[in-house]
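The next block holds one structure in the form of structure tokens; read it before the comments.
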Amino acid sequence: MPATISKEETMPLKFIGIDPETPGGSCPSVWIDEATGDILFQGAEELDAGNRSDVAARSPILPSERIVRLPARMRPIIAAALENTA
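In this text, residue positions in the sequence shown follow the working numbering: the first is 22, and each later residue adds one.
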């Protein structure tokens, strides 16, 4: 029987960066799942009805999905995640 791998045994998330202006060192932040290369974003959920409507018109928002807003000043951090250079 093949061994199963638990989340604890897999590669951890790689921290890429956090908003340099965040108070208290919390969010928003950017991470990479080293096992899959997926990019994870932590940030404030977009609650503006107009913005949500614009997104939903192009790509329906599933119940399990969230629109997350990251400040423009985090573009270099996001670029680093895309290049996986952090």
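Every residue, glycine too, gets a C-beta built ideally from N, C-alpha and C.
Separation of residue j from residue i, as counted between CA atoms
i, j, result
"Pro81", "Phe62", "19 Å"
Local conformation of residue i per DSSP, three classes
i, result
"Arg90", "strand"
"Ser74", "helix"
"Gly58", "coil"
"Gly38", "strand"
"Ile26", "The predicted position of Ile26 is uncertain, since its pLDDT is 46 and thus under 50; a value taken from the coordinates is nonetheless stated next. Correct three-state label for Ile26: coil."
Range of the contiguous alpha helix (DSSP H) that encloses residue i
i, result
"Leu103", "Arg96 to Glu104"
Burial state of residue i, where buried means 16 or more other Cβ atoms lie within 10 Å
i, result
"Thr25", "In this prediction, Thr25 scores a pLDDT of 47, lower than 50, which makes its location untrustworthy; the coordinate-derived value is nonetheless stated afterwards. Exposed, by the Cβ-count rule."
"Ala102", "buried"
"Asp40", "buried"
"Ser50", "buried"
Residues sharing a beta bridge with residue i, DSSP
i, result
"Ser50", "Ile39 and Gln63"
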